[in-house]
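Undergrad: Under our numbering, think of the first position of the sequence shown as 1, with each following residue one higher.
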Amino acid sequence: MGQKIQAVKGMNDLLPVAQKDFKLTSAFWQAFENTIAAWTRRFGYQQIRTPIVEQTGLFVRSIGEETDVVGKEMYTFADSNDKLNLSLRPEGTASCLRAVVEHNLLYNNPQKLWYSGPMFRRERPQKGRYRQFHQVGVEALGFDGPDIDAEMITMCADLWNELGIRQHLTLELNSLGNMAERSAHREALVAYLQQHEALLDEDSLRRLHTNPLRVLDTKNPTLQVMANAAPRLVDFLGAESRAHYQSLKTMLDGLGIAYVENPRLVRGLDYYNLTVFEWTTDKLGAQSTVCGGGRYNGLIEELGGKPTPAIGFAMGVERLLLLVQEYGCLKADGAPDVYAMHQGEGSVLAVLTVAEQLRHAGIDVYMHCGGQSLKAQMKKADASGARFALIVAQDEVANGTVTLKDMQGEHGQQTVAATDVITLLQEWKK
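#1: Taking contact to mean 3 or more Cβ pairs, one atom from each stretch, closer than 8 Å, check whether the stretch 138–155 and the stretch 163–170 are in contact.
#2: So the beta strand (DSSP E) residue 111 belongs to, where does it begin and stop?
#3: Check the DSSP bridge columns for residue 279 and list the partner residues they point to.
#4: Can you list, in chain order, the stretches of the alpha helix (DSSP H) that have 4 or more residues and sit fully within the stretch 122–167?
#5: Tell me the start and end of each unbroken beta strand (DSSP E) in the stretch 328–372 that is at least 3 residues and wholly inside, in chain order.
#6: Which residues in the same chain as residue 417 place their Cβ atom closer than 7 Å to its Cβ, once the five residues preceding and following it in sequence are excluded?
#7: Quick check on DSSP: helix, strand or coil for residue 227?
#8: Is the stretch 382–392 touching the stretch 350–365, taking contact as three or more C-beta pairs under 8 Å?
#9: Please say whether residue 285 and residue 313 have beta carbons closer to each other than 8 Å?
#10: Taking residue 317 as the reference, give the member of 2, 5 and 33 with the closest Cα.
#11: From the DSSP output, in three-state form, read off residue 17 for me.
#12: For residue 243 and residue 8, I'd like the C-alpha separation in whole angstroms.
#13: Can you tell me the Cβ-Cβ gap for residue 123 and residue 89, rounded? I've got them flagged as a contact below 8 Å.
#14: Residue 181 to residue 255, Cα distance in whole Å?
#15: Does residue 419 pass the burial test, meaning 16 or more other C-beta atoms within 10 Å, or should it be called exposed?
#16: Would the stretch 365–380 and the stretch 330–347 be scored as touching if the rule is three or more Cβ pairs under 8 Å?
#17: Three-state secondary structure (DSSP) at residue 57?
#18: Let me know the secondary structure DSSP gives residue 40 once reduced to three states.
#19: Any beta carbon from chain B within less than 8 Å of residue 417's own beta carbon?
#20: Given residue 43, which residues of its chain have a CB within under 6 Å of its CB, disregarding the five upstream and five downstream residues?
#21: Three or more C-beta pairs closer than 8 Å, one from the stretch 141–150 and one from the stretch 293–312: is that the case here?
#22: Let me check one thing: in DSSP terms, what residues is residue 311 bridge-paired to?
#23: Out of 319, 342 and 267, state which residue places its alpha-carbon closest to the alpha-carbon of residue 403.
#24: Could you tell me the alpha carbon to alpha carbon distance between residue 326 and residue 359, rounded to whole angstroms?
See the structure below:
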């Protein structure tokens, strides 16, 4: 017997049953995917699907060479045939925009797009954070007013309501201004941090000249007081940036969407400007951010397209579903409507025929295979969670009938002509 090979640490199998250290099931995940498909359709967003492998340069240019994602976390390898440097995608925005630019989707036509799928980052696995994780992302390209910012935040709020977790999430909001305003703030911030250089930890020292905004987002409690007193980007915003931010807040107030202004909210990737936001929770321990996003008005141009305003957000599926599983109302029923069983000569063909008729009528049927007594099959029918058991034995074969049993006991058990079973099932399901 060969040695067992296990999954890579931080990359999980999604099974029909919950695992000891990964409680999400495939039925629960599929129920979420169905919810997402209907939710994006209601808002008029269309799906885009991109490869999970891209040229490494795409992420270096879009995310930023000095970010933790590019510097430490990407899975990167050389393609020996094409002499390309490739990476597994660590996030979805860059791939989405690469496809939009490559296929000229913005030619006289703004786009509202969404995607979902696996992303990859080489970091220490912990609850809600994995090396292969999944995201749902939403991007609106070609819209420059604060109305689209408000729509995106409204989308999130609507989804949280549908999943039953709105009361466990807090919206944090900030504005990062434009490039010139950020540059002026960055200069003042670096000067301030250099005055307190003796206090900085290793991560903060590394970010001091490469990504100083991220120093303000430190999770080190000993740096909190220093970070709180640092120059605030909001104080460097010009009239246009302030107006955009104020208009967004006015819309959210009018919609009744509560938010907390967080001047230290910067997000972890370099491409953000103007509006940034996060939905956070105190129910998942250290991994508090469930969804985040903002504007990235210069990124499409950076990737070879024409200057185009853009905004988007992404949510971590595993982290979100942990919250939904514990506190939400998403129903995941992986059980079939009918468990079909059989015994005796000629019963297999008879039950196959009836099962196909039921499926064509929109009724889910699990058919027992492999023999066993009717008693043993009935135990499996009960364990399957099916509402109804369908039985074809010698009497049923001889008479052209089937026996239908309500496993919940409401309708008891009844034998009818095989041609009438669909009508009976539809009556019982009402």
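The beta-carbon is built from N, C-alpha and C at its ideal position, and this holds for glycine as well.
TA: In terms of the structure at hand:
#1: no
#2: 111–120
#3: 171 and 291
#4: 146–163
#5: 338–342 and 365–367
#6: 400 and 401
#7: helix
#8: yes
#9: no
#10: 33
#11: coil
#12: 49 Å
#13: Their Cβ separation, rounded to whole angstroms, is 15 Å, which puts residue 123 and residue 89 out of contact at 8 Å.
#14: 29 Å
#15: exposed
#16: yes
#17: helix
#18: helix
#19: This model lacks chain B altogether, as it is built from one protein chain only.
#20: 155
#21: yes
#22: 140 and 295
#23: 342
#24: 34 Å
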